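**Q** Residue 400 in the numbering used here sits at position 236 of the sequence shown; the count goes up by one each step and never skips.
We put the beta carbon where it would ideally sit given N, CA and C, even for glycine.
Note that the structure is predicted; figures quoted are calculated from it, not measured.
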Amino acid sequence: MSQQVLLRTLVSAKWLSDAIRSSPVGAGLRVLDASWYLPKMKRDARREFREHHIPGAVFFDIDTCCDRTSPYDHMLPSEDNFSEYVGNLGIGNRTHVVVYDSSDQGSYSAPRVWWMFRVFGHKAVSLLDGGLRNWLQEGYPVSSGITRPAPMEFEARLDHSQVKIHDDIVENIETHAFQLVDARSEGRFRGIDPEPREGIEPGHIPGSVNMPFFAFLTETGYEKKPDDIHQMFQQKGIDLSKPLVASCGSGVTACHVALAAFLCGKEDTAIYDGSWVEWYMRARPEDVVSEGRGKTL
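(1) Where do the ends of the beta strand (DSSP E) carrying ALA434 lie?
(2) How about the stretch 246 to 255 and the stretch 324 to 340: do they share at least three Cβ pairs that are nearer than 8 Å?
(3) If you count every other CB in all the chains shown that lies within 10 Å of the CB of SER166, and 16 or more means buried, which is it?
(4) Check the DSSP bridge columns for VAL222 and list the partner residues they point to.
(5) By the three-class DSSP mapping on this structure, what secondary structure does VAL334 have?
(6) Taking ASP392 as the reference, which of PHE380, THR173, ASP268 and GLU362 has the closest Cα?
(7) What is the rounded straight-line gap between the Cα of VAL261 and the Cα of ALA288?
(8) Compare the C-beta of ASP237 against all C-beta atoms of chain C and say whether one is closer than 9 Å.
(9) Please report the residue range of the beta strand (DSSP E) in which ALA314 lies.
(10) If you draw a straight line from the C-alpha of PHE377 to the C-alpha of ARG232, how long is it?
(11) Taking the straight line between their C-alpha atoms, what separation do you get for GLY458 and ASP451?
(12) Is the number of C-beta pairs between the stretch 176 to 189 and the stretch 291 to 303 that are closer than 8 Å three or more?
(13) Would you mind reading off the limits of the alpha helix (DSSP H) that contains TYR468?
(14) Going by Cα to Cα distance, which pick from VAL409, GLU365 and GLU387 is closest to VAL373?
(15) Using a Cβ-Cβ cut-off of 7 Å (strictly less than) and excluding sequence neighbours within five positions of SER181, which residues of its own chain qualify?
(16) Can you tell me whether VAL262 is helix, strand or coil according to DSSP?
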């Protein structure tokens, strides 16, 4: 497998099917089902995985591979914890990882895992364009049950520059050192539609720009073309030659912004890992911009 193929960001269902047939899933190629859903969606990602998944795939749980000490959902784990978790999935530092999810949109949580691998120093990671939705639509087979790969050694090295914390966002309100894009829906961003988590009101961080994650996808669930994505950023006043940070509700769909920018050639988009949940819980009322209820003490 050539280095050029290893570094492809998006792979098609045909490419992955051919790769699985020519070199069965193992130490050189590992397929991950990274499906995850909010509780309100009433979907069980693990159960769905057991019932049907791409042949040879293993399940990546973002609620397990995370910082269990944090009060916020699925925050990044430590280097050691990430190394142990992905090593137990049969992934080494030379493994080509292909990530997908089973969302109705074609892509929902998979970009989070794509970004996690990259931020921990593993560049040989790709996304299945169109996800399981289009894998099935194109007539490729699925399997049931659970694959138990042989563990491998994996060494993670976290790129701290690609992760923003609460203090960075607070400081940026004054300094405007980076552009901040929020990937939630327009209604949640404006403060007129409810947040999916109890105790969290909608709204947005001062100075942030709204680009809902699903806008980067076509109606059929594939990623839009780089020229179209670049135009979307331009229309929102985002300059891809300048520092860019993405947020969302809890750091999952923000990674669609990082992926979209990456497809346009920008490889250094950072993620505010705590995103809106952390911001709202820690913010002063005046730092919650909302057309709705906002925040009161």
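**A** A quick look at the data gives this:
(1) Numbered from its first residue, the sequence shown carries residue 434 at position 270. Segment 434 to 436, the beta strand (DSSP E) holding ALA434.
(2) no
(3) For the purposes of this step, residue 166 is taken as the residue at position 2 of the sequence shown. Only weak support is given to the placement of SER166: the predicted model assigns it a pLDDT of 35, under 50, and the value that follows is read from those uncertain coordinates. So SER166 counts as exposed.
(4) Here residue 222 corresponds to residue number 58 of the sequence shown, with the count starting at 1. For VAL222, which the question treats as bridged, DSSP gives the partners LEU196.
(5) Residue 334 sits at position 170 when you count from the first residue of the sequence shown. Reduced to three states, the DSSP call for VAL334 is helix.
(6) Taking the sequence shown and counting its residues from 1, the one referred to as residue 392 is at position 228. The candidate whose alpha carbon is nearest that of ASP392 is PHE380.
(7) Stepping through the sequence shown from its first residue, residue 261 is reached at position 97. Stepping through the sequence shown from its first residue, residue 288 is reached at position 124. The alpha-carbon atoms of VAL261 and ALA288 are separated by roughly 6 Å.
(8) In the structure shown, chain C does not exist; there is a single protein chain.
(9) Indexing the sequence shown from 1 puts residue 314 at position 150. Looking at the DSSP string, ALA314 is not in any beta strand (DSSP E), and its letter there is neither H nor E.
(10) Your numbering for residue 377 matches position 213 in the sequence shown. Your numbering for residue 232 matches position 68 in the sequence shown. Their Cα atoms are separated by approximately 26 Å.
(11) Residue mapping note: residue 458 aligns to position 294 of the sequence shown, counting from 1. Residue mapping note: residue 451 aligns to position 287 of the sequence shown, counting from 1. Their backbone Cα atoms lie some 9 Å apart in a straight line.
(12) yes
(13) Missing from the structure shown is residue 468; the chain here goes from 165 to 461 and no further.
(14) Position 209 of the sequence shown, counted from the first residue, corresponds to residue 373. Checking every option, the nearest Cα to that of VAL373 belongs to VAL409.
(15) As a first step, residue 181 is located in the sequence shown; it is residue number 17 there, counting from the start. Within the same chain, TYR304 come within 7 Å of SER181 by CB-CB distance, once the 5 residues on both sides are set aside.
(16) In the sequence shown, the residue the question calls residue 262 occupies position 98. VAL262 falls in the strand class under three-state DSSP.
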